[in-house]
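Working notes for the structure below.
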Amino acid sequence: MFTLYGDGIHDDAPAIQEMIDNAGYELSLPSPQKHYLIGKSLVLPSHFALRLPRYAEIRLADGANCPMVTNLLHPDYAERLPDWTTPLCRHLWYHVNAYSPDIYEEGIEITGGIWNFNNLNQLPNPEQSLDFTHKGYTGDGMFFYCVRGLRLAHMTFKDPVHYGATFDRVSDFTIEDIAFDYNYGNPVAVNMDGVHFNGNCHDGVIRNLKGACYDDLVALNAHEGSRGPITNVLIDGLFAEDCHSAVRLLTVDEMVSNITIQNVYGSYYQYCIGLSKYYPGESALGYDAITIENIYARKAPRYEVYQKGDSYVYPLIWVQDDVVVRNLTIRGVHRRETDTPVETVYVGRNTPVESMILEDVTTTNTTGEPMPLLVNLGRIESLHASALYPHGDPLVVGDGEIVECRM
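Sequential numbering from 1 applies to the sequence shown in my numbering.
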């Protein structure tokens, strides 16, 4: 029987894992003397709840170089990644080849704790180091693959190397009341998402997330990991100042549909919400039934620490070039801009939009430079627009086409 120390010196992973294995269905850890220290991933089985006091710290040991938590994974190696996968993507998505995509765990819950990933004392972020010799090392704080019924709540993610948590083939999930305490990058403060969903994730709620990340606070990236559709997700309540971005949606030839993003607050130095493509390839299914509403956001200054230099300055709501959009609703956007007067909504070149609703949008611009409400370089088949108040700035600019407009 292993000893649970909680003194911040001895490795508590053996004792905690033993307690998980013997607890039955639930384990509530007591408040530690100082903090828990783990040198190995905690592995959670189906129908299990792990609970910590809300502000009890659990820290990844120096040089552990692993996620702090994973679900039970089932080894079944096969070449499942496509031929176009780059060495970096092959490294980050190693799990697709390594583990069975057909065996699911169910009913996993983690609540409480300050999960300190201790990033300065782990291997560097492989997206910057391009060191792929440490197989399976991604720098992610938590990792979940093939889980139905997952809940993470009432916790803090502190200083991951890469993403706070990565999810792939996860459905019926709730991610709520998460705080992000990101202070450093290893080696630099980039590519550090909050919660990152790869393909084949469905039927979930993400709500009440607070704190700035050095990349997307929430990413729904259908063309990554196992690659597949992402459907039926509610994102409700994001709060951040000086954050890279609130939400990125990403697809190339997978469907991303029935996504609602609402009640977003704060300032973002790249974009607030993006419908993106990123990877090469011809867009096919694209985006459908995307609703963006109640956005109270503005642009943030791009400080040197963000490593953006003179790169492209994104709009607040960005629909990238060369994507396909069926239905997009944007309503209740209220922006008071003090820093960067780029457009509030952008529709990119070679981007067809079948139906777009744009209503109840107000912008106040204190910069003294023009700030268009909508820049359209694509083709909008049907635009329903009402209650748009740019307060002296241009309403619509760009050489794109609007086939039918109802005002």
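Here a beta-carbon is modelled for each residue, glycine too, at the ideal position from N, C-alpha and C. Computed from a predicted structure; not experimentally measured.
C-alpha distance - residue i paired with residue j, whole-angstrom precision
i: I38; j: L60; result: 5 Å
i: L4; j: F157; result: 22 Å
i: L92; j: R227; result: 13 Å
i: A78; j: N365; result: 54 Å
i: S245; j: A297; result: 11 Å
i: V190; j: D215; result: 6 Å
i: Q262; j: H10; result: 44 Å
i: I146; j: I206; result: According to the sequence as given, residue 146 is Cys; it is not Ile. Their backbone Cα atoms lie some 18 Å apart in a straight line.
i: M407; j: H384; result: 6 Å
i: V252; j: M19; result: 43 Å
i: T344; j: P370; result: 11 Å
i: R151; j: F173; result: 6 Å
i: P75; j: Y306; result: 38 Å
i: L50; j: A56; result: 13 Å
i: A153; j: L52; result: 11 Å
i: F239; j: G204; result: 19 Å
i: A284; j: I58; result: 44 Å
i: N71; j: E241; result: 32 Å
i: Y312; j: H196; result: 23 Å
Supposed close pair residue i, residue j - CB separation, criterion 8 Å
i: V415; j: L42; result: As displayed, the chain neither begins before 1 nor continues past 407, which places residue 415 out of reach and without an answer.
i: T367; j: E337; result: 6 Å
i: N198; j: T166; result: 7 Å
i: P352; j: R379; result: 5 Å
i: Y137; j: L120; result: 16 Å between Cβ atoms; not a contact.
i: D339; j: A300; result: 7 Å
i: K34; j: D7; result: 5 Å
Contacting residues, own chain, Cβ-Cβ under 6 Å from residue i (five flanking each side not counted)
i: A179; result: T156, K210 and G211
i: P414; result: Residue 414 is absent from the model: the chain starts at 1 and stops at 407.
i: Y409; result: Only positions 1 to 407 of the chain appear in the structure, and residue 409 is not among them; the question remains open.
i: E67; result: Here the sequence assigns Pro to residue 67, which means Glu is not the residue at that position. Closer than 6 Å at the Cβ level, and outside the excluded window around P67, lie S41, D140, M142 and F143.
i: H202; result: S171, T231 and N232
i: Q320; result: S276, K277 and G348
i: R148; result: Y104, E106, S171 and D172
i: Y94; result: G136
i: V161; result: N119, Q122, N125, G139 and N186
i: E176; result: A153, R207 and N208
i: E282; result: none
Heavy atom of the ligand GDP within 8 Å of residue i beta-carbon
i: N125; result: Of ligands this structure carries none, so the ligand GDP is not represented either.
Own chain residues within Cβ distance below 8 Å of residue i, not counting five before or after
i: E404; result: E381, S382 and L383
Cβ-based neighbour list, residue i, same chain, cut-off 7 Å, excluding 5 preceding and 5 following
i: R90; result: L81
i: D360; result: R331, G332 and A387
Stretch-stretch touch, CB-based, cutoff 8 Å, three pairs: the region 323 to 333 with the region 284 to 292 = yes
ask   = Just checking, does the region 25 to 34 make contact with the region 127 to 137 on the three C-beta pairs under 8 Å criterion?
value = no
task = Could you pull out every unbroken beta strand (DSSP E) segment of at least 3 residues lying fully inside the region 189 to 230, listed in chain order?
result = 195 to 197, 201 to 210 and 216 to 221
Sequence ranges, alpha helix (DSSP H) only - wholly within the region 23 to 91, length at least 4 = none
key: 3-residue-minimum beta strand (DSSP E) runs that sit fully inside the region 320 to 405, ordered along the chain   = 325 to 337, 345 to 347, 352 to 365, 374 to 376 and 379 to 389
ask   = Residue ranges of each alpha helix (DSSP H) run of no fewer than 4 residues wholly in the region 96 to 135, ordered along the chain?
value = 126 to 129
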